[in-house]
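Structure, as structure tokens:
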Amino acid sequence: MPREPQISTYNYLIRQLPTATAFINKKFEVVHASDKWVSYHQLDTANIIGTRIDTLFTKLDDQREKLLRDCLMGKSHEAQVDYNINLATGHKWFEWNCKPWYDEKENIIGLIIQTEDITENKLDQHRLYKAQSLLSTIAEVSKIGCWEYDIVQDDLSWCEMTRKIHEVSEDFVPTIENALDFYKDGYSKNTMAMLVHEAKEKGTSWSEKLQLVTAKGNEIWVQAACMPMFKNKKLISLTGTFQNIDDQIRSEAKTKENERLLRTLVDNLPLNIYIKDSESRKILVNKAECDYLGVANPEELLGKNDFDLYDKEIAQISLDEDIKVMDTLTPMLGRETISRKKNGEITTFLTSKIPLKDNNGRAKGLVGISLDISNLKQKEEELRNLINITSLQNKKLVNFAHIVSHNLRSHTANFSMLLEFLVNESDESEKKKIINMLTDASDNLLETLENLNQVVDINTNVNLQKKPINLYSKINEIEQNLTAFFLNNNATILNHVSKKVEVHVVASYIDSILMNFITNAVKYKNPEIDSIVTLSTTNEKGYTILSITDNGLGINLKKYGDKLFGMYKTFHNHADARGIGLFITKSQIEAMGGKVTVQSEVGKGTTFNIYFNEKN
Amino acid sequence: MKKIESICIIDDDRITLFGIRKMLNLIVDCNDISSYVNGKLALDGVKKRFEEEGNVPEVIFLDINMPIMDGWQFLEEFIKLPIEKRVRVNIITSSIDAHDIQQWENYRKLTDHVITYNNKPIKKSQIAEITRKA
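As they're listed, the protein sequences go chains A and G.
Residues in the first sequence are numbered consecutively from 103, following the numbering used here.
Residues in the second sequence are numbered consecutively from 2, following the numbering used here.
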């Protein structure tokens, strides 16, 4: 190797080469290396000369070695080899650019290797690859395609996904014009045409939900977006995304429709529906609930609890129910509840409360459903009253039938008995006596019939005209009419009724009622003392109550209470007692919608309380 | 004619009183027929006689519907009297009320006295049948 020393004279020149360069001989041993090459590989200059290049930092694989050998043999004039090494400062990629090293006689004596650090390139390549694969994954998963329009070249390109969304064939070539044609006529097409135009002119960006008809004729919703691209402040292209959002739009529409359906249903049910949160505050109310609580807008009720809306006592009951339902997670179904609003208005509801559970199975609130049954309750009450009245009437009727039967039978029995006597009697004076008795029997029968008629009359005149009458004046009038009667019996009447009190009564009945009670009070007086009859009134739930108190004999109510107002029942051995007065009086009071009660103590006196119905 | 020591008629209807008394005169030999117009007067009369003379009527005709004290109230008090001999009480009424029949059943079980239930009008033959010693 005579030439080598010659070369070494240039050693210092080679070391200063601006590029990382190494010279190797045919044995791959390093002969020269620029300082840059040494520093690239973080080696020591002293140790490298004469060392095989592949033992320095990497082992050349067969393929790389072959490349180098081909170059050495003159088979190729250039060879590129890349490799990576781990250096103290990190992982590096290098690329060799090899050329044959000729001597003056054009003999190849080795290789000149120029080394370049391509780490950045490699990393960029890697990043790009990663970004591309990510993009395609995203496109595949999200069905988002992309497109690019080169304004200068008037060239539109679609990615695979965009083509797929358009359902075009493989040989379809998109242009701005035919792309626009896919949009549905009308709003969608007009909007897209305008957007593309504006983007081309002004470089605007946009994103729009539009309908298009695919190549196969399917109508779908897409989301198209556009970004302008500039180069040197000049608009050169438009690029954007393209997404099939048909399922999304349709499910949104479906959800909206379901919501609307549910809302319509909830609002139009003739039920009060509300949802409460765990603190018993209303978070949803329907129209019926708003109407019931007298608000136009549901917002006015949201966030409010029962204490804000109802009477305190009612609110507490409702809150206790809420707590129980949420604590036990057991629905309360069809309970009859009474609601009283702050203004005192009372409503009866059939209420159900159903707990609402969160994902952990704990109560997060409840759904309340209330049916207003106030009318039903009122009807039920009316019906019950009607049944009571009917059964009472029926009892009266049966009783009356017995009275009639008994009374008529007793008279007819007398007739038949007396007639039998008469037929068999021969004694004239006895015959005359029997005939007199027959006359008496006939008179008694007539009287009985009259009494019965009177009773029937009272009980059948259901549409009696009631008129307001001043009670004080009426009592005075009766007192005037009975002046002689009071004088004869040493009796006094005390009218303590207020001059203002008016009662709604049937004129003829009130006369008979007052007359009967007042004369009775005097008739059954205690013979030891002078009779005093006191009249006064009180009020009670729709009734004016007239109390007539005497200091007479009194009645043993334990013994006679149930018979006191019966027909033909008399309790005192009194000549005038016919046992019909109280029966008729009671019938008249009841016919006017009232009632009569009695308190009495034998030897002390009696009080009759007459209830005048002022409601109807 | 059968002989009855003492008969008592209790009825507020004077025609019935007359009728029963007239029929009795035709069918029995009795010198002691008393009559009362209500239960109270009858009870007082019977009690007084029982206390003073120690005897009571052998046969009683009793009406139900009467003022002051009715037939049942009379019977209630009468069966409490410590009378040793059996008395025949013939109820004579125009009542066909089931309640009254029930009352009769009740009182029959309560006492050793004979109690019969008869509806008005009452015929002479019936009177003859029920006017005898218990």
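Every residue, glycine too, gets a C-beta built ideally from N, C-alpha and C.
As the structure is a prediction and not an experimental result, all values here were calculated from the model.
Check: DSSP on Y734 (chain A), reduced to helix/strand/coil?; Outcome: Limits of chain A in this structure are 103 at one end and 718 at the other, which puts residue 734 (chain A) out of reach.
Check: Roughly how many angstroms separate the alpha carbons of K660 (chain A) and N618 (chain A), rounded to a whole number?; Outcome: 23 angstroms
Check: Tell me whether Y108 (chain G) sits in a helix, a strand or coil according to DSSP, three-state version.; Outcome: helix
Check: So what does DSSP say about V704 (chain A), is it helix, strand or coil?; Outcome: coil
Check: CB-CB under 6 angstroms to W308 (chain A), same chain, minus the five flanking residues each way: which ones, in chain order?; Outcome: L297 and C328
Check: For a cutoff of 9 angstroms on Cβ pairs, would you count H504 (chain A) as touching chain G?; Outcome: yes
Check: In its own chain, which residues sit with a C-beta less than 8 angstroms from the C-beta of N113 (chain A), not counting the 5 before and 5 after it?; Outcome: H134
Check: Pull out every residue of the segment 645-657 of chain A whose Cβ sits closer than 7 angstroms to any Cβ of chain G, in chain order.; Outcome: none
Check: Using a C-beta cutoff of 9 angstroms, does F685 (chain A) count as contacting chain G?; Outcome: no
Check: Which value, in whole angstroms, describes the spacing of the CA atoms of I180 (chain G) and N715 (chain A)?; Outcome: Residue 180 (chain G) is absent from the structure shown; chain G starts at 2 and stops at 135.
Check: Could you tell me how far apart the beta carbons of L468 (chain A) and M428 (chain A) are, in whole angstroms, since I believe they sit closer than 8 angstroms?; Outcome: 6 angstroms
Check: Distance cutoff 9 angstroms, beta carbons only. Does C9 (chain G) sit that close to anything in chain A?; Outcome: no
Check: What residues of chain G sit near D542 (chain A), judged by a beta carbon separation below 9 angstroms?; Outcome: R15 and I16
Check: Contact criterion: CB-CB distance below 9 angstroms. Does R511 (chain A) meet it with respect to chain G?; Outcome: yes
Check: Identify the contact partners of S36 (chain G) in chain A, using a Cβ-Cβ distance below 8 angstroms as the criterion.; Outcome: Simply none; closest approach about 15 angstroms.
Check: Closer than 7 angstroms between beta carbons: that is the criterion. Which residues of the segment 693-710 of chain A meet it against chain G?; Outcome: none
Check: Which chain A residues sit within Cβ distance under 7 angstroms of P122 (chain G)?; Outcome: A515, S518 and M519
Check: Quick check on the burial criterion: 16 or more other C-beta atoms within 10 angstroms. Buried or exposed for S702 (chain A)?; Outcome: buried
Check: With a Cβ-Cβ cutoff of 9 angstroms, do I11 (chain G) and D64 (chain G) count as a contact?; Outcome: yes
Check: Can you check whether the C-beta of K23 (chain G) is within less than 9 angstroms of a C-beta belonging to chain C?; Outcome: Looking at the structure shown, chain C is missing, and the protein chains on hand are A and G.
Check: Smallest Cα separation from K455 (chain A): which of A:N578, A:H193, A:I385 and A:K378?; Outcome: A:K378
Check: To the nearest angstrom, how far is the alpha carbon of A593 (chain A) from that of S95 (chain G)?; Outcome: 40 angstroms
Check: Whole angstroms are fine: how far does the CA of L488 (chain A) sit from the CA of V607 (chain A)?; Outcome: 22 angstroms
Check: At a CB-CB cut-off below 7 angstroms, which residues of chain G make contact with M434 (chain A)?; Outcome: Neighbours of M434 (chain A) on chain G: none; closest Cβ ~49 angstroms, over 7 angstroms.
Check: Can you list the residues of chain A that F19 (chain G) reaches, using a CB-CB cut of under 8 angstroms?; Outcome: M539
Check: Taking Cβ positions only, does F523 (chain A) come closer than 9 angstroms to chain G?; Outcome: yes
Check: In three-state DSSP terms, what is Y185 (chain A)?; Outcome: strand
Check: My assumption, with CB atoms under 8 angstroms, is that N91 (chain G) sits in contact with V60 (chain G). Please give the rounded CB distance.; Outcome: 7 angstroms
Check: Select from A:L435, A:N399, A:R383 and A:I375 the residue whose C-alpha is nearest the C-alpha of A417 (chain A).; Outcome: A:R383
Check: From G405 (chain A) to T449 (chain A), what does the alpha carbon distance come to, in whole angstroms?; Outcome: 23 angstroms
Check: In the segment 39-109 of chain G, which residue ranges form an unbroken beta strand (DSSP E) of at least 3 residues, counting only runs that do not cross its ends?; Outcome: 60-63 and 89-94
Check: For S339 (chain A), does the three-state DSSP call read helix, strand or coil?; Outcome: strand
Check: I need the straight-line Cα distance from P83 (chain G) to P58 (chain G), nearest angstrom please.; Outcome: 14 angstroms
Check: Relative to chain A, which residues along the segment 43-67 of chain G have a C-beta separation below 7 angstroms, given in chain order?; Outcome: N66
Check: Could you check whether the segment 206-215 of chain A touches the segment 121-133 of chain A, counting it as contact only if at least three pairs of C-beta atoms, one from each stretch, sit closer than 8 angstroms?; Outcome: yes
Check: Excluding the five sequence neighbours on either side, which residues of its own chain have a C-beta within less than 8 angstroms of the C-beta of K138 (chain A), listed in chain order?; Outcome: L119, P120, T121, A122 and T123
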